[in-house]
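A.B. asks:
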Amino acid sequence: MTLLIGICGGSGSGKTTLANMVAQHFGHRSSASFAFDSYYLDQGHLAASERALVNFDHPDSLDVALFVQHLRDLRAGSEIAVPVYDFSTHSRTNDVHIVDPRPIVVVEGILLLAFPEIRECLDLTVYRDCPEQTRFDRRLARDVAERGRTPESVAEQFAATVKPMHDRFVQPSMDVASLVTLFSEELEDANLRVLAEIIKLQAAVDA
Numbered sequence: 005m006t007l008l009i010g011i012c013g014g015s016g017s018g019k020t021t022l023a024n025m026v027a028q029h030f031g032h033r034s035s036a037s038f039a040f041d042s043y044y045l046d047q048g049h050l051a052a053s054e055r056a057l058v059n060f061d062h063p064d065s066l067d068v069a070l071f072v073q074h075l076r077d078l079r080a081g082s083e084i085a086v087p088v089y090d091f092s093t094h095s096r097t098n099d100v101h102i103v104d105p106r107p108i109v110v111v112e113g114i115l116l117l118a119f120p121e122i123r124e125c126l127d128l129t130v131y132r133d134c135p136e137q138t139r140f141d142r143r144l145a146r147d148v149a150e151r152g153r154t155p156e157s158v159a160e161q162f163a164a165t166v167k168p169m170h171d172r173f174v175q176p177s178m179d180v181a182s183l184v185t186l187f188s189e190e191l192e193d194a195n196l197r198v199l200a201e202i203i204k205l206q207a208a209v210d211a
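For what it's worth, our numbering labels the leading residue of the sequence shown as 5, then goes sequentially.
(1) Taking a contact to mean a Cβ-Cβ separation below 8 Å, would you say L22 touches I9 in this structure?
(2) When you compare only the Cα positions, how much space is there between E83 and M5?
(3) Spatial neighbours of R151 within its chain, please: C-beta separation below 8 Å, excluding the five flanking residues on both sides.
(4) Please report the straight-line C-alpha distance between V68 and Y43, rounded to a whole angstrom.
(5) Whose CA, out of S53, P63, G18, lies closest to the CA of T165?
(6) In terms of alpha-carbon separation, which member of A56, A27, G16, G18 lies closest to I202?
(7) What's the gap between the Cα of E121 and the Cα of H74?
(8) Please report the straight-line C-alpha distance between V209 and L7, rounded to a whole angstrom.
(9) Can you find the residues in the same chain that come closer than 8 Å, C-beta to C-beta, to P135, ignoring five residues on each side of it along the sequence?
(10) Consult DSSP for R96 and reduce its assignment to one of helix, strand or coil.
(11) Check the C-beta distance from P87 over to V103 and give it rounded, since I have them as a contact under 8 Å.
(12) Assuming D141 is part of the alpha helix (DSSP H), what are its boundary residues?
(13) So, is A194 buried or exposed, given that buried needs 16 or more other C-beta atoms within 10 angstroms?
(14) Give the range of the alpha helix (DSSP H) segment to which D210 is assigned.
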């Protein structure tokens with residue numbers, strides 16, 4: 005059986021690092037991981053100026069139906085073809101990433117727990133809490149280095165959409181998560197707590 009583990013948190017909260025730590029603990033033969041970010045809707049049909057106006061921090065920007073179908077496929081024992089999204093053009097590429105139904109599959113994303121239909125598919129939900137300034141600093145460094153953004157554009161987007169959407173859609177996920185890890189908690193300690201919960205789930209399944 006495939007256990008589906010969901011890790012949520014604001015942009016720059018450390019959720020991807022935590023998700024990778026969990027997957028690495030079980031090894032590639034027993035686990036897999038992928039991001040909800042891969043399921044942004046293709047905006048290739050829009051002009052470049054119009055793409056820049058899309059609010060990618062709003063739930064409507066994501067292909068939830070495909071993501072949920074893929075979670076169900078993994079649960080049923082089928083491999084999935086995860087889209088590969090090009091953040092520089094805001095469009096899907098022709099490539100896909102194949103994910104096999106391993107015993108542990110970890111998924112992560114800022115809006116992962118904003119959708120009841122996704123939460124229903126997950127066996128364990130984790131929220132990684134993190135202060136706003138830390139999240140902004142990490143996002144700034146990432147977007148400038150990896151996505152070709154200017155510091156000014158990152159700051160403008162954070163103020164215009166990232167912060168208000170976080171407050172409206174992401175932060176409430178803390179109240180519905182089955183486990184919350186705090187910024188004051190070392191990632192290694194958070195990882196151990198998540199692993200302990202997964203081991204409990206595995207024991208319950210095997211019982």
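Beta carbons: idealized from backbone N, C-alpha and C, even for Gly.
C.D. replies: Reading from the atomic positions:
(1) Contact: no.
(2) Going by the C-alpha atoms only, they are around 13 Å apart.
(3) F91, S92.
(4) One alpha carbon belongs to V68, the other to Y43, and they sit about 7 Å apart.
(5) Of S53, P63, G18, the residue nearest in Cα terms is P63.
(6) When each option's Cα is compared against that of I202, the closest is A27.
(7) Going by the C-alpha atoms only, they are around 12 Å apart.
(8) Cα to Cα, V209 sits roughly 9 Å from L7.
(9) Contacts found: F187.
(10) In the structure shown, R96 sits in a strand (DSSP, three-state: E or B).
(11) The distance from the Cβ of P87 to that of V103 is about 11 Å, inconsistent with a contact at the 8 Å cut-off.
(12) Start and end: 136–150.
(13) Counting Cβ neighbours within 10 Å, A194 comes out buried, since at least 16 surround it.
(14) Residue range 191–210 is occupied by the alpha helix (DSSP H) that includes D210.
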